[in-house]
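Report on the following structure.
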Amino acid sequence: MKPQVLKGFRDYLPRQMILRQRIIALFRGVFERHGYEPLDTPVLEHLEVLTGKAGENERLMYHFEDQGGRAVGLRYDLTVPLSRVVAMHQNDLVLPFKRYQIAPVWRAEKPQRGRFREFWQCDADIVGSPSMLADAEAITVMAEALAAVGLPQATIRINHRKLLTALALLSGVDAARAGGVYRAIDRLDKVGPDGVDRELIGLGVPAGAAKRILDLVTRTGAADTLLSGLREQLAGVPGAAEAIGELEQLFAYLPQFGIPASAYVLDLALARGLDYYTGPVFEASVEQPKIGSVGGAGRYDDLIGTFLGRGVPATGMSLGIERIIEVVEEFGLLPVQSTVTEVFVVAFPETMAAAAGIARDLRAAGRRVDLSLLPSRGVGDQLKYAGRKGIPLAVIAGATELDAGTVALKDLRSNEQRTLALIELPGAVERLLHLEQ
RNA sequence: GUGCCUUUAGCUCAAUCGGCAGAGCGCCGGACUGUGGAUCCGGAGGUCACGGGUUCGAGCCCCGUAAGGCACCCCA
C-alpha cells in the first residue's frame, strides 16, 4: 500500500499546526470578546439539507450514498449547517443567536495555491436581527480578526445584493436571470470596463443600459456621496431604495463600532456567488500573494426559511484559514515556532528518577517540559535534539549537580549556562522564558 | 470541469546530440567517553512520479495516468 493523501487534502505537521492553532486562538478570542458562542455540527449532512443553496457551486459538493442507501454530502460551508441548527433547535436558542464555528469544509475544486479541497472556515454569524447593526458588527468582527493576525492591508469591500438586482432590472434583465449580470459586473477588476461592457451586451443587455450600469458601478468615492447619487439614478427601480437605505445605515454604524475608515469601502461591483445572499455582502481580499479573497459573507434572510417555513433574518462572516496562513507566511506576520515545548530535561541512566522528578515539578508549575526518553544518548546528542526542535531551555540533571542539590540550566538560544539550586529552578526558567517575549 | 507548465536523493537543483545518475544542503558515523549549532574526514541514501511505447541503448523522444503549480470557472 502506497502512503498517499487525496488531491487537495493535506497533513498538518507540528510546525504548521502550531501556526494554525495560534491563528485559530486569535480568531476565537475576537469572536468571544464580541459575545459569540461556540457551535459545531456534523461534517456529513443529508444531501438535501445542502442542496439548493449554493447555485452552480453545487457541482463542487462532495456527495455519495452511505451504506444505508442514504444520499449524504460533506458540508460545503458552515452557513447552511447553522441554518439547519437554528431551524431544528429554535426552542433552545435565545435570539439573536450569535455563534462562531471553526471547522473544515469540503469542495471538489481543482487545487491551487491557497485553494484546497479540504479547508477550514472561521465563521461568526448573527441570527435573528434584521438590523444593519448586525451587519456592521459582522464587518467589525472581520476587521478585528484580520487585524489580530497582523493583516491590515486587507480591505473589506461592501455591496448590497438588492442593489445588483436593481441594476439588472435597470438593464432590462429579469430578476431570474440577474446572476449573469452580477457575474459580469463582478469581473470588472479582471476584464476591465470594456470587458464588462462586452459581456453585458453578450447577455442581451442593450448597449445604452450596459453603459449606464458601467457608469454606476465604476464610480468611486465616499460611500454617502455614491449612495445619494445612486438614489437619484435608480429612482423608481424596484428594491433600489431599500438597498440604498440599508447601505446608508450600515455605513453610518461602522464608525460607531470603531473600525478605521481605511478598513472598508463601498464597492458597487462586488457580487459574490452564493445564491442565498439577500442583503449586504462583504469580502476581504489581498493583492499579494495572489490568492483572492481571505474572507467574505453577507446577509441571508431567506436561508433559514427554507428549513422552517418562516423567514429568520441572519447575517455573518467567514474567514479562510488557509489563505490567511498564506499571507501570514508570505509577509512573516506572526513568529514561526517549531515547538510548543519550553524546557528539555537532559537525563542520564543513573539520574533518570531525579530527572523525571524535575520534569514533574516544572510541569506542576505550568511549564511545558520534554524529558529525554533516550538517556543512553550522550549529553551532546540530547542537547542537539533539543536545539533542533527549537526548545529554548535545557536542564541538565547530572549526578555531579544533583549530589550538590543543584542542576544546570542552559539557555540554548544564547548558549549561557549556570548552575543553580534545585529550588530556584522554576523561577529561573520563568524569568528566562519571559525575557524572550 | 477546461487549457498550459512542472515532476531526478529527505530538500533545492544539475546531467551536452538518446550512451555508466551527480552536486550543495540535510541525515548518519567519527575527530570530541558530561554540553547542540562551527570546521574537517567518512558513510548511507535513487523504481529518474507511475504505467506503456519507440530504440542496440531512454532521466532525455512518443502515449496514458497521478500529483503540484499557473490561467479560466468559481471561491475562503
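Position one of the first sequence corresponds to residue 7 (the numbering used here), numbered consecutively onward. Note that the Cβ used here is the ideal one computed from N, Cα and C, for glycine as well.
### Task
Could you tell me the boundaries of the alpha helix (DSSP H) in which Y188 lies?
Counting from 1 along the first sequence, the entry for residue 188 is found at position 182. Y188 -> alpha helix (DSSP H) spans 184-192.
### Query
Using CA coordinates, which residue listed in T171, D129, P261 is at the minimum distance from A142?
The sequence position of residue 142 within the first sequence is 136, counting from 1. Nearest of T171, D129, P261 to A142, Cα basis: P261.
### Message
One question on the structure: do D273 and N165 come within less than 9 Å of each other, judged by their Cβ atoms?
### Response
Counting from one through the first sequence, the residue named residue 273 turns up at place 267. Counting from one through the first sequence, the residue named residue 165 turns up at place 159. Closer than 9 Å, so yes.
### Close-in-space but distant-in-sequence residues of the same chain around L176 (CB under 6 Å, 5 per side omitted)
Within the first sequence, the letter at position 170 stands for residue 176. Excluding positions up to five away in sequence, the list reads V243.
### Task
Determine, using beta carbons only, whether A153 and A269 come nearer to each other than 9 Å.
As a position in the first sequence, residue 153 is number 147, starting the count at 1. As a position in the first sequence, residue 269 is number 263, starting the count at 1. Yes; because the gap between Cβ atoms is below 9 Å, this pair is in contact.
#### Entry: Three-state secondary structure assigned by DSSP to R21
For the purposes of this step, residue 21 is taken as the residue at position 15 of the first sequence. Three-state DSSP puts R21 in a helix.
### Query
Do the segment 91-106 and the segment 233-247 touch if we need at least three Cβ pairs shorter than 8 Å?
Cβ pair count under 8 Å is below three, so no.
### Message
Given a cut-off of 9 Å on the beta-carbon distance, is the pair Y188 and L206 in contact?
### Response
Translated into positions along the first sequence, residue 188 becomes position 182. Translated into positions along the first sequence, residue 206 becomes position 200. Not in contact: Y188 and L206 (Cβ atoms no closer than 9 Å).
### Task
Have a look at V342 and L379 and give me their C-alpha separation to the nearest angstrom.
Here residue 342 refers to the residue found at position 336 of the first sequence. Here residue 379 refers to the residue found at position 373 of the first sequence. V342 and L379: Cα-Cα distance of roughly 26 Å.
### Query
What number of angstroms, rounded off, separates the C-alpha of K13 from the C-alpha of K116?
The residue labelled residue 13 in the question sits at position 7 within the first sequence. The residue labelled residue 116 in the question sits at position 110 within the first sequence. When rounded, the distance between both Cα atoms is 9 Å.
### Query
So does the segment 284-293 actually touch the segment 249-257, counting three or more Cβ pairs closer than 8 Å?
These segments touch.
### Message
Ignoring anything shorter than 3 residues, give me the beta strand (DSSP E) runs that lie fully in the segment 64-91, in order along the chain.
### Response
Runs of the beta strand (DSSP E) lying entirely within the segment 64-91, each at least 3 residues long, are 69-71, 77-80 in chain order.
### Task
Would you mind reading off the limits of the beta strand (DSSP E) that contains K416?
Counted from its first residue, the first sequence places residue 416 at position 410. First-last of the beta strand (DSSP E) with K416: 412-417.
### Query
Taking buried to mean at least 16 other C-beta atoms within 10 Å of its own C-beta, is V197 buried or exposed?
As a position in the first sequence, residue 197 is number 191, starting the count at 1. Answer is exposed; the Cβ neighbour count stays below 16.
### Query
Which ranges does the beta strand (DSSP E) cover as unbroken runs of at least 3 residues, wholly within the segment 274-312, from first to last along the chain?
286-291, 299-305, all fully within the segment 274-312.
### Query
Applying the criterion that 16 or more other CB atoms from any shown protein chain within 10 Å of the CB defines a buried residue, is Q388 buried or exposed?
For the purposes of this step, residue 388 is taken as the residue at position 382 of the first sequence. It counts as buried.
### Query
Buried or exposed: where does R163 fall if 16 or more other Cβ atoms within 10 Å of its Cβ makes it buried?
For this step, residue 163 is matched to residue 157 along the first sequence. Burial call: buried.
### Task
Taking all protein chains shown into account, decide if F354 is buried (16 or more other Cβ within 10 angstroms of its Cβ) or exposed.
For the purposes of this step, residue 354 is taken as the residue at position 348 of the first sequence. Buried, by the Cβ-count rule.
#### Entry: G475 versus I330 - alpha carbon distance
One cannot answer for residue 475 here, as it falls past the ends of the chain, which runs 7 to 443.
### Query
So is E38 buried or exposed if we call it buried at 16+ other beta carbons inside 10 Å?
Position 32 of the first sequence holds residue 38. The residue in question, E38, is exposed, as its Cβ has fewer than 16 Cβ neighbours within 10 Å.
### Query
Are the CB atoms of E430 and L399 nearer to each other than 9 Å?
Position 424 of the first sequence, counting from 1, holds the residue named residue 430. Position 393 of the first sequence, counting from 1, holds the residue named residue 399. In this structure, the beta-carbon distance from E430 to L399 does not fall below 9 Å.
### Query
Mind checking G79: buried by the 16 CB within 10 Å criterion, or exposed?
Along the first sequence, one-based indexing puts residue 79 at 73. It counts as buried.
### Task
Just tell me which of R374, T406, A277, A130 has its CA closest to the CA of T146.
In the first sequence, the residue the question calls residue 146 occupies position 140. Closest option to T146, Cα to Cα, is A130.
### Query
What do you reckon, are the CB atoms on I191 and A277 nearer than 9 Å?
On the first sequence, residue 191 is found 185 positions in, with the first residue counted as 1. On the first sequence, residue 277 is found 271 positions in, with the first residue counted as 1. Taking a C-beta distance under 9 Å as the contact criterion, I191 and A277 qualify as a contact pair.
### Contact set for P319: own chain, Cβ-Cβ below 7 Å, skip 5 residues either direction
Taking the first residue of the first sequence as 1, we reach residue 319 at position 313. Result list for P319: G134, S135, P136, D307, in chain order.
### Query
Out of curiosity, what's the CA-to-CA distance linking Q443 and T345?
Numbered from its first residue, the first sequence carries residue 443 at position 437. Numbered from its first residue, the first sequence carries residue 345 at position 339. Because the pLDDT at Q443 is just 49, under 50, the model does not fix this residue reliably, and the value given afterwards should be weighed accordingly. Q443 and T345 have their C-alpha atoms spaced approximately 15 Å apart.
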